[in-house]
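Same order as they appear, the protein sequences are chains A and B.
Each residue of the first sequence is one higher than the one before, counting from 102 in the numbering used here.
Each residue of the second sequence is one higher than the one before, counting from 102 in the numbering used here.
Backbone N, C-alpha and C fix where the C-beta goes; we use that ideal spot for every residue, glycine too.
Nothing here was measured: the structure is a model prediction, and the numbers come from that model.
Notes to accompany the following structure.
Protein chains: 2
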Amino acid sequence: MAKNLTRRDEDYSKWYNELVVKADMAENSGVRGCMVIKPYGFAIWEKMQAELDRMFKETGHQNAYFPLFIPKSYFSKEASHVDGFAKECAVVTHYRLKNDENGNGIVVDPEAKLEEELIVRPTSETIIWDTYRKWIQSYRDLPILVNQWANVVRWEMRTRLFLRTAEFLWQEGHTAHATEKEAIAEAEQMMHVYADFAENFMAVPVIKGLKTESERFAGALETYCIEALMQDGKALQAGTSHFLGQNFAKAFDVKYATKEGGQEYVWATSWGVSTRLMGALIMTHSDDNGLVLPPKLAPQQVVIVPIYRNDEQLEAISEVAKELQTQLRDKGIRVKYDDRDTQKPGWKFNQYELQGVPVRIAIGPKDLEKGTVELARRDTLEKQFVKREEVVAVVEGLMTEIQDNLYKKAVGYRAEHTTTVETYEEFKKVLNEKGGFVAAHWDGTAKTEEQVKNETKATIRCIPIDSDNEAGSCMVTGKPSKRRVLFAKAY
Amino acid sequence: MAKNLTRRDEDYSKWYNELVVKADMAENSGVRGCMVIKPYGFAIWEKMQAELDRMFKETGHQNAYFPLFIPKSYFSKEASHVDGFAKECAVVTHYRLKNDENGNGIVVDPEAKLEEELIVRPTSETIIWDTYRKWIQSYRDLPILVNQWANVVRWEMRTRLFLRTAEFLWQEGHTAHATEKEAIAEAEQMMHVYADFAENFMAVPVIKGLKTESERFAGALETYCIEALMQDGKALQAGTSHFLGQNFAKAFDVKYATKEGGQEYVWATSWGVSTRLMGALIMTHSDDNGLVLPPKLAPQQVVIVPIYRNDEQLEAISEVAKELQTQLRDKGIRVKYDDRDTQKPGWKFNQYELQGVPVRIAIGPKDLEKGTVELARRDTLEKQFVKREEVVAVVEGLMTEIQDNLYKKAVGYRAEHTTTVETYEEFKKVLNEKGGFVAAHWDGTAKTEEQVKNETKATIRCIPIDSDNEAGSCMVTGKPSKRRVLFAKAY
């Protein structure tokens, strides 16, 4: 069906941008690099938030809220952090505007200059650890398991809806622990929570692993991550969890009295996922007809469209449709009955296909006669006629089936696009011809990593934690390597 | 019990500030005027959010998200709006910091000056109506019923936790309609939604009414509001809903094609409540022992504390406590069993009283023998022994009883502190000696309103919509008045 949508094999990037806008998910705003998340896109994000929030709470975390602004000096306290975050950022320098005396409208009032500039948070470690100093005195105050849902700003020069925007929405967990072991366990736990969410809720398979030193979060001793593979063979980092050691505790002087009466610095983690997940969702499942949503995330799981020529027909169809809607809702299924007379059925079919509604039911006068409905699956585009009395059971089954099918399809794609190579020649060939993940031996040096990046644009996505050690030699330098790492070009 | 809390009759303002901090609700941050909302306070706010969000969706609204930053020029487009909002605000002027060549750490990079300054949103009408221009072409696109949960910044000079902070959290609804009538109906509907929420969820009685012209939102033709009365006799504006006419549609050129083929400007509303509601909640119900929470908003509705001398006792008590916890949870009641051995029972009692947990259950060895528990109500501070098999039913009943009792108590306080006066002398006397709402005749002029404000600090809180017309003469000028209005000193 014609969607006026660029095909993926024509121009994947263009397809993505068009899809995000046409499916009513997000659009660019009048503010450079900042997006507007439209109601349909936001409804999907809300579903993600609700499930993640549930998972965080189930693992003992509580939400809190910390200031949007961070005094400039806070960033200077943690040396590696300042280089990573305090440079490209939005800086508040004044707190007042005034009417211009020369009639140029409103201008910055030079008398309202802040003594110290405020940075719009790019991430909140510094302001939070400045707060934790007041919260933590004794081992009794630990652990602190706090999460924040917030907007953050990083001044990106090249932006793309959901994938890279100046302002984005995210959650950032910030935890404080008495021991190194506990903090590492927390950072690992959150990586597993993220992977669980991505796979079982978004139907996006991910590889769990560790970042190399050069790819770590600024201020972390270890960064755990989940990496997904998009349909164009590029990887996307879908979530990260950092073991921060005592870096921030030392920078902000956060100590606690141990049970034994000593004084120790506190151990920290931080972890986050963002609206970037929306990009991962779109680029894992969607097709040339538009968005494809896993049922667990679909704002509407089923849409019912009446096909009619006159009011009499509409009335008879509505009776059946509304009964069906009630029955499906009783099963916990989200159903919309779209009987708007301002749009034609064809327009509605097109729209719901574009917006990825998992199941579409059409009911016309002939269906009433036969006691059937027409049911269409968004994932396979298959249509079938289903007896009226079987619809509820069929739809219930499809909710699971579509969710599973999307996941399996994505796992299949990833398997086809994960290649093990031995030589650098082979590596470059695979990257060029096929893309995807490339498992190769690496000598463990930042120098080799940098060389590969410069020559091929591929980076080490992670050192997978679920793969076995396997001695070999670096594909570039021939030096010894204990295990393969995963390379890919990435978003 | 000694809470080290200032008594309300000693210094109400000091009591409030201490309570907010000691009950672990919020605290000041290192950033001037910005607060940290602590996990306990945030859990209450989350309950408010969840219920309001449900009510918004039930009335057909969807959530979306718009940029944090607004280009300066957007504010100039609506003349009255710019005076109200664009003056005291956080202004982003640069997008980069750099290392200072003279070794002063990081400084603003003068080369990274923005062409146009960005204002951190104090409210989002301008950026949203700039967006709606793209969303609205035809009558088919209307109404647009959108809400946003967001942080906003207004550069306040004197701040107080929850009541007035530079950054605060809120929701802002922004709707677009084809007709004036529809827009007015929407603005009125949202005032009723807010009142319903305040009364039935927060147990805070409110007066619904209209603001006078001088108290209206900058850019509104009519501002509907709900006004609550605090324990110190001062009023608090708890929510506002604005009928914006076509002001923003004209400023941002938002027209739609009518069914008949014409072009019309769109009609608008906006409405919001904020973390200020937390202040209203605290100052309506709490007492000298700390916070008092209505059960519907309490993160924990019941807390169970074991009283024990040894592990054997604890084990026996825990068995009963955990069974009780399960039974209460099955009834949908939020229960915490606090068996931490790092704190003594007295400390726990104190803490939960300070934090306003509606029901506290204590179980000791004697209770086990007798088959009872000790149950304490937070609102009345009454204690009773309840038979083990009756606890669930008693607690279930208390959830409703406490909620109702708090509401009735607040209604009673308000009735005692609402006075009808005829003369200005009487008016001043009541304000000084008793405070509260004062119902008086007013001549309808801004001049008289201003005079009263200057002489008494009282403002017209609203023209109540639920009171009857009653002709009289203005208490200040003697000029004719159609109905009484409500004056009060206010937060």
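Taking a cut of 7 Å between CB atoms, which residues from the segment 150-164 of chain B lie near chain A? Gln-163 and Asn-164
For B:Asp-112, which residues in the same chain have their Cβ closer than 6 Å to its Cβ, ignoring the five residues on either side in sequence? Position 11 of the second sequence, counted from the first residue, corresponds to residue 112 of chain B. For B:Asp-112, where only same-chain residues beyond five positions count, there are no Cβ hits under 6 Å.
With a 10 Å radius around its C-beta and 16 neighbouring C-beta atoms as the bar for buried, classify A:Ala-103 as buried or exposed. Along the first sequence, read from residue 1 onward, the residue named residue 103 of chain A stands at position 2. Residue placement at A:Ala-103 is flagged as unreliable, the pLDDT there being 47, under the threshold of 50; the coordinate-derived value follows with that caveat. It counts as exposed.
Might you give, ordered along the chain, the residues of its own chain that have their beta carbon closer than 6 Å to the beta carbon of B:Glu-128, omitting 5 neighbours on each side? Counted from its first residue, the second sequence places residue 128 of chain B at position 27. Correct list, in chain order: Val-122 and Val-137.
Listed by chain order, chain B residues near A:Leu-270 by CB distance under 8 Å: For the purposes of this step, residue 270 of chain A is taken as residue 169 along the first sequence, with counting starting at 1. In chain order: Tyr-166.
Shortest alpha-carbon distance to B:Thr-524 belongs to which of B:Gly-206, B:Cys-135, B:Asn-105 and B:Lys-580? Here the question's residue 524 of chain B lines up with position 423 in the second sequence. Per the Cα distances, B:Lys-580.
How would you list, in chain order, the residues of chain B whose beta-carbon sits under 9 Å from the beta-carbon of A:Arg-241? What you label residue 241 of chain A is simply residue 140 of the first sequence in a count that begins at 1. Those within 9 Å of A:Arg-241 in chain B are Arg-441, Thr-443 and Gln-444.
Cβ distance (whole Å) where A:Lys-530 is taken to contact A:Phe-353 below 8 Å: For this step, residue 530 of chain A is matched to residue 429 along the first sequence. For this step, residue 353 of chain A is matched to residue 252 along the first sequence. About 49 Å separates the two Cβ atoms, so there is no contact after all.
Kindly indicate the opening and closing residues of the beta strand (DSSP E) around B:Leu-264. By one-based count along the second sequence, residue 264 of chain B stands at place 163. B:Leu-264 -> no beta strand (DSSP E), and no H or E assigned at all.
Rounded separation between B:Pro-427 and B:Val-436 - CA only: One-based indexing of the second sequence puts residue 427 of chain B at position 326. One-based indexing of the second sequence puts residue 436 of chain B at position 335. Reading off the sequence, residue 427 of chain B comes out as Thr, not Pro. Looking at the two C-alpha atoms, the distance is approximately 9 Å.
For A:Lys-340: DSSP bridge partner residues: Start at 1 with the first residue of the first sequence, and residue 340 of chain A comes out as number 239. Rather than Lys, the amino acid found at residue 340 of chain A in this sequence is Gly. In DSSP, A:Gly-340 forms a bridge with A:Ile-327.
Residues in its own chain within less than 6 Å of A:Thr-536 by CB, not counting five upstream and five downstream? The sequence position of residue 536 of chain A within the first sequence is 435, counting from 1. Rather than Thr, the amino acid found at residue 536 of chain A in this sequence is Gly. Cβ neighbours of A:Gly-536 beyond the five flanking positions: Gly-334.
Reference B:His-275; option with closest CA among B:Pro-244, B:Ala-304, B:Leu-264 and B:Phe-263: Locating residue 275 of chain B in the second sequence gives position 174, counting from the first residue. It is B:Pro-244 whose Cα lies nearest to the Cα of B:His-275.
Per DSSP, the bridge partner or partners of A:Cys-563: As a first step, residue 563 of chain A must be located in the first sequence, where it is residue number 462. Answer by DSSP bridge pairing, in chain order: A:Leu-587.
Threshold first: 3 residues or longer. Then list the beta strand (DSSP E) segments lying entirely within the segment 340-411 of chain B, N to C. 356-358, 364-366, 368-375 and 403-407
Could you confirm whether any beta carbon from chain A is found closer than 7 Å to the beta carbon of B:Thr-232? Counting from one through the second sequence, the residue named residue 232 of chain B turns up at place 131. True, the Cβ-Cβ gap to chain A drops below 7 Å.
Measure the beta-carbon distance from A:Leu-339 to A:Val-294 and round it to whole angstroms, keeping in mind my assumption that it falls under 8 Å. One-based indexing of the first sequence puts residue 339 of chain A at position 238. One-based indexing of the first sequence puts residue 294 of chain A at position 193. Note that residue 339 of chain A is Ala in the sequence shown here, rather than Leu. About 12 Å separates the two Cβ atoms, so there is no contact after all.
Looking at C-alpha atoms only, which residue of B:Asp-210, B:Thr-232, B:Lys-214 and B:Glu-534 is the closest neighbour of B:Ala-165? Against the second sequence, residue 165 of chain B aligns to sequence position 64. Checked all of B:Asp-210, B:Thr-232, B:Lys-214 and B:Glu-534; the closest Cα to B:Ala-165 is B:Thr-232.
Where does B:Arg-155 fall in DSSP's three states? Here residue 155 of chain B corresponds to residue number 54 of the second sequence, with the count starting at 1. Three-state result, B:Arg-155: helix.
Neighbourhood of A:Leu-120 by C-beta, 7 Å cutoff - its chain only, sequence neighbours within 5 removed: The sequence position of residue 120 of chain A within the first sequence is 19, counting from 1. Excluding positions up to five away in sequence, the list reads Leu-106, Ile-383, Ser-387, Gly-391 and Leu-392.
To the nearest angstrom, report how far apart A:Glu-268 and B:His-518 are at their CA atoms. For this step, residue 268 of chain A is matched to residue 167 along the first sequence. For this step, residue 518 of chain B is matched to residue 417 along the second sequence. Spanning the two alpha carbons is a distance of roughly 47 Å.
Alpha carbon to alpha carbon, how far is A:Glu-218 from B:Ile-561? Give it in angstroms, no decimals. Here residue 561 of chain B refers to the residue found at position 460 of the second sequence. Here residue 218 of chain A refers to the residue found at position 117 of the first sequence. Cα to Cα, the separation comes out at about 39 Å.
Mapping the DSSP letters down to three states, classify B:Asn-105 as helix, strand or coil. Taking the first residue of the second sequence as position 1, residue 105 of chain B is located at position 4. If DSSP states are grouped into helix, strand and coil, B:Asn-105 belongs with coil.
So, does the CB of A:Tyr-357 fall closer than 7 Å to a CB anywhere in chain B? Against the first sequence, residue 357 of chain A aligns to sequence position 256. It does not; no Cβ of chain B falls within 7 Å.
Where does B:Asn-301 sit, in a helix, a strand or coil, going by DSSP? Mapped onto the second sequence, residue 301 of chain B falls at position 200. Three-state result, B:Asn-301: helix.
Suppose only complete runs of 4+ residues qualify. What are the alpha helix (DSSP H) ranges in the segment 412-450 of chain B, listed by chain order? 412-431
With 7 Å set as the bound, which would you pick, yes or no: does the beta-carbon of A:Ile-138 sit closer than that to a beta-carbon of chain B? On the first sequence, position 37 is the one that residue 138 of chain A refers to. Closer than 7 Å to some Cβ of chain B, the Cβ of A:Ile-138 qualifies, so yes.
For the alpha helix (DSSP H) holding A:His-162, just list the boundary residues, first then last. Numbered from 1 along the first sequence, position 61 holds the residue referred to as residue 162 of chain A. That residue, A:His-162, is in no alpha helix (DSSP H); it is neither H nor E in DSSP.
Going by CA-CA distance only, name the one from A:Ser-225, A:Asp-201 and A:Ile-418 that's closest to A:Thr-370. Stepping through the first sequence from its first residue, residue 370 of chain A is reached at position 269. Taking only the C-alpha atoms, the option nearest A:Thr-370 is A:Ser-225.
Below 9 Å on C-beta distance, what does B:Lys-437 contact in chain A? The residue labelled residue 437 of chain B in the question sits at position 336 within the second sequence. By Cβ distance, chain A contributes nothing, its closest Cβ being about 12 Å from B:Lys-437, past 9 Å.
Under DSSP, the alpha helix (DSSP H) around B:Gln-552 begins and ends at which residues? Position 451 of the second sequence, counted from the first residue, corresponds to residue 552 of chain B. Its alpha helix (DSSP H) spans residues 547-557.
Where B:Ile-503 falls: helix, strand or coil (DSSP): For this step, residue 503 of chain B is matched to residue 402 along the second sequence. Three-state DSSP puts B:Ile-503 in a helix.
Under the rule that 16 or more other beta-carbon atoms within 10 Å means buried, what is B:Asn-348, buried or exposed? Taking the first residue of the second sequence as position 1, residue 348 of chain B is located at position 247. B:Asn-348 should be labelled buried.
Which whole-angstrom value describes the C-beta separation of B:Met-303 and B:Leu-378, a residue pair presumed to lie in contact below a C-beta threshold of 8 Å? Taking the second sequence and counting its residues from 1, the one referred to as residue 303 of chain B is at position 202. Taking the second sequence and counting its residues from 1, the one referred to as residue 378 of chain B is at position 277. Indeed, because the Cβ distance is near 7 Å, the residues count as touching under 8 Å.
Let's test the definition: count the other Cβ atoms within 10 Å of the Cβ of B:Asp-442 and tell me whether it reaches 16, buried, or not, exposed. Residue numbering aside, residue 442 of chain B sits at position 341 when the second sequence is read from its first letter. B:Asp-442 should be labelled exposed.
Does any residue of chain A have a CB that is nearer than 7 Å to the CB of B:Met-102? The sequence position of residue 102 of chain B within the second sequence is 1, counting from 1. Legend: pLDDT at B:Met-102 = 45, less than 50; position of this residue unreliable, value from coordinates given subsequently. No, its Cβ sits nowhere closer than 7 Å to a Cβ of chain A.
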